[in-house]
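Accompanying notes for the structure given below.
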Amino acid sequence: SRAFCQELSRPPSSPAPRTRSASESDSMAPQKRAAKTAAAAAAPAKRERKDPMLSGIQKALEMAQLPDPCKHMLSTAAPHCLGVAREERHASQRMIVEMIGEVVSGVCSGLVAERDAQEDRLTTCLGCREELEAKVKDAELVATTAAEVVAAKAAAATGAESALASAQHALQQKTEAQRECNEDFDKAKAQRAVVDKALNDDFKALLQGDAESHFDAMQPLLTEICLGESLLSALSSTCRKAPSDRGPFDSLVLEQLGEALRERSAACARLVAEGEPAAEARAAEVAVVLAAEEEAAQARRRAAEALAEAQASLSASEVAARVARETLAAHAPEVERLTKARDAAAGALAQFVQQSLVCFENLRDLSSSPPDAAIAQEAPTSAQEAVAPTQEASAPQEPTPPAPALHETAPDAASEVVPAKTVTAMDVEAQEEAPVAAAGA
Numbered sequence: 236s237r238a239f240c241q242e243l244s245r246p247p248s249s250p251a252p253r254t255r256s257a258s259e260s261d262s263m264a265p266q267k268r269a270a271k272t273a274a275a276a277a278a279p280a281k282r283e284r285k286d287p288m289l290s291g292i293q294k295a296l297e298m299a300q301l302p303d304p305c306k307h308m309l310s311t312a313a314p315h316c317l318g319v320a321r322e323e324r325h326a327s328q329r330m331i332v333e334m335i336g337e338v339v340s341g342v343c344s345g346l347v348a349e350r351d352a353q354e355d356r357l358t359t360c361l362g363c364r365e366e367l368e369a370k371v372k373d374a375e376l377v378a379t380t381a382a383e384v385v386a387a388k389a390a391a392a393t394g395a396e397s398a399l400a401s402a403q404h405a406l407q408q409k410t411e412a413q414r415e416c417n418e419d420f421d422k423a424k425a426q427r428a429v430v431d432k433a434l435n436d437d438f439k440a441l442l443q444g445d446a447e448s449h450f451d452a453m454q455p456l457l458t459e460i461c462l463g464e465s466l467l468s469a470l471s472s473t474c475r476k477a478p479s480d481r482g483p484f485d486s487l488v489l490e491q492l493g494e495a496l497r498e499r500s501a502a503c504a505r506l507v508a509e510g511e512p513a514a515e516a517r518a519a520e521v522a523v524v525l526a527a528e529e530e531a532a533q534a535r536r537r538a539a540e541a542l543a544e545a546q547a548s549l550s551a552s553e554v555a556a557r558v559a560r561e562t563l564a565a566h567a568p569e570v571e572r573l574t575k576a577r578d579a580a581a582g583a584l585a586q587f588v589q590q591s592l593v594c595f596e597n598l599r600d601l602s603s604s605p606p607d608a609a610i611a612q613e614a615p616t617s618a619q620e621a622v623a624p625t626q627e628a629s630a631p632q633e634p635t636p637p638a639p640a641l642h643e644t645a646p647d648a649a650s651e652v653v654p655a656k657t658v659t660a661m662d663v664e665a666q667e668e669a670p671v672a673a674a675g676a
């Protein structure tokens, strides 16, 4: 491995080292050792410096899914291959650069795949959240509509209650008016019934001789008819006689009693006939108001049932809306977690691109030619290709001096190799030193 690294670190154009004689080596060895010892004692210990661009590549190699020996081999060979201009690399160095490029590309592809996978998971989760939000919106809309229905049903129930109260009040007024207006009519009807009973039952019984019990039943009516004291005294004695014992006077008394009863029956019938149309009209009015009261009661019952049903629907819709909101709230931590994972994957990819991929590309394309010449060599235009033979014929081209060696160190001191920095390397070094400075502050 040490010999392989030495082979990689030797530029292809470097001349073979001069061989010294044994006497020269023996005489110079003590001097060199003494000089190295004195220099080591006098010189302060130097801090090991690492190229930040190579550090980024080292991180990429550490992230690769490779066996540890492979990682160690590529990490050890990276400074000796990427620290050499591309025009000066020999076949082994180009092969190592290609290997490192494949590793860096593979790590970058893995980070991109991880970022895309996290993005897909987050997109799916966000789609689920949109569905949950739509369900919450629909459930809240249903609950709002149910609340409006409940308000309308409550207003209808209140109106039905008021209508029933009004109908009951109207029925009470009509009933009171009917009772007051029908008082004389009802009294006449009742008196007519009493008189007719006395005339048809009790008076006939008196005529037939069953006098005592029927005469006692007729006493309240006889007092109300006002027959007079003399006629009442005569009736009392006549009714207690048997029909065979009654004389002409008794027959006259009984005839006057029958005449009085018939007159009172006729008077009552006349009062009833006169008051019956008005009573029937009042009864019809009461029947209409009573029907309205019954209809209002049924409407109130229907309104109460509709209100109860609307309230049950509102309760169910509120429960559904609450469950939808709770489900959406329970989904929020998952969205936050996947968002953080996506951001972390995207940040890791961006950091890898800035600190590893860009550094590798810069070192891979490192050239010893000036930038314009390098661009012309990489992508010559057709006009330049056409003009090139004329320029070569008119003016001789001066040979390009070989670029100075970027490093000449032993393989054991590979970590001290500091190739020429580019703007990107300075940026990377600043990015790496910024957290340290912040922590110190």
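Taking this note's numbering, I'd label the letters of the sequence shown as residues 236 to 676.
Heads up, the beta-carbon is just placed ideally off N, CA and C, and yes, glycines get one too.
- Secondary structure note for residue 413: its alpha helix (DSSP H) is the uninterrupted segment 326-416.
- In this structure, residue 531 sits near residue 398, with a CB-CB distance shorter than 8 angstroms.
- Closest in alpha carbon position to residue 433, among 417, 424, 493, is 493.
- Under the three-state reduction of DSSP, residue 287 is assigned to helix.
- Nearest Cα to residue 417 within the set 325, 499, 517: 517.
- In the DSSP assignment, residue 533 falls within the alpha helix (DSSP H) that extends over 483-587.
- If the five residues before and after residue 524 are omitted, its C-beta is found closer than 6 angstroms to the C-beta atoms of 405, 406, 409, all from its own chain and listed in chain order.
- Taking the Cα of residue 413 as reference, the smallest distance to any Cα among 520, 502, 577, 321 is reached at 520.
- Residue environment analysis places residue 316 among the buried positions, since at least 16 neighbouring C-beta atoms fall within 10 angstroms of its C-beta.
- Residue 600 and residue 364 have their C-alpha atoms some 47 angstroms from each other.
- Between the alpha carbons of residue 289 and residue 296 lies a distance of about 10 angstroms.
- Under the three-state reduction of DSSP, residue 433 is assigned to helix.
- One alpha carbon belongs to residue 576, the other to residue 343, and they sit about 17 angstroms apart.
- Per DSSP, residue 314 is one residue of the alpha helix (DSSP H) stretching across 303-317.
- Excluding residues up to 5 positions away in sequence, 384, 385, 388 lie with their Cβ nearer than 6 angstroms to the Cβ of residue 545 in the same chain.
- Looking at the backbone, the Cα of residue 498 and that of residue 396 are separated by about 53 angstroms.
- For the pair residue 380 and residue 562, the Cα-to-Cα distance works out to about 22 angstroms.
- Just measuring C-alpha positions, the residue of 368, 292, 535, 427 sitting nearest residue 340 is 292.
- Residue 299 and residue 602 do not touch by the CB rule: their CB atoms are close to 27 angstroms apart, not below 8 angstroms.
- Taking the CA atoms as reference points, residue 584 sits about 13 angstroms from residue 352.
- In the pairwise beta carbon analysis, the region 328-340 is classified as touching the region 588-596: at least three pairs are separated by under 8 angstroms.
- Judged by beta-carbon spacing, residue 542 lies within the 8 angstroms limit of residue 392, meaning their Cβ atoms are closer than that value.
- Shown here for residue 378: same chain residues with a beta carbon closer than 8 angstroms to its own, the five before and five after excluded, namely 549, 552, 553, 555, 556 in chain order.
- Boundaries cannot be given for residue 592, as no alpha helix (DSSP H) includes it and DSSP labels it neither H nor E.
- Between the alpha carbons of residue 503 and residue 534 lies a gap of roughly 44 angstroms.
- When secondary structure is reduced to three states using DSSP, residue 320 falls in the coil class, being assigned neither helix nor strand.
- For the pair residue 415 and residue 495, the Cα-to-Cα distance works out to about 29 angstroms.
- Separation of residue 574 and residue 357 (C-alpha to C-alpha, rounded to the nearest whole angstrom) is 6 angstroms.
- In this structure, residue 515 sits away from residue 402, with a CB-CB distance that is not shorter than 8 angstroms.
- Just measuring C-alpha positions, the residue of 354, 371, 510, 361 sitting nearest residue 422 is 510.
- Spanning the alpha carbons of residue 306 and residue 366 requires a straight line of approximately 48 angstroms.
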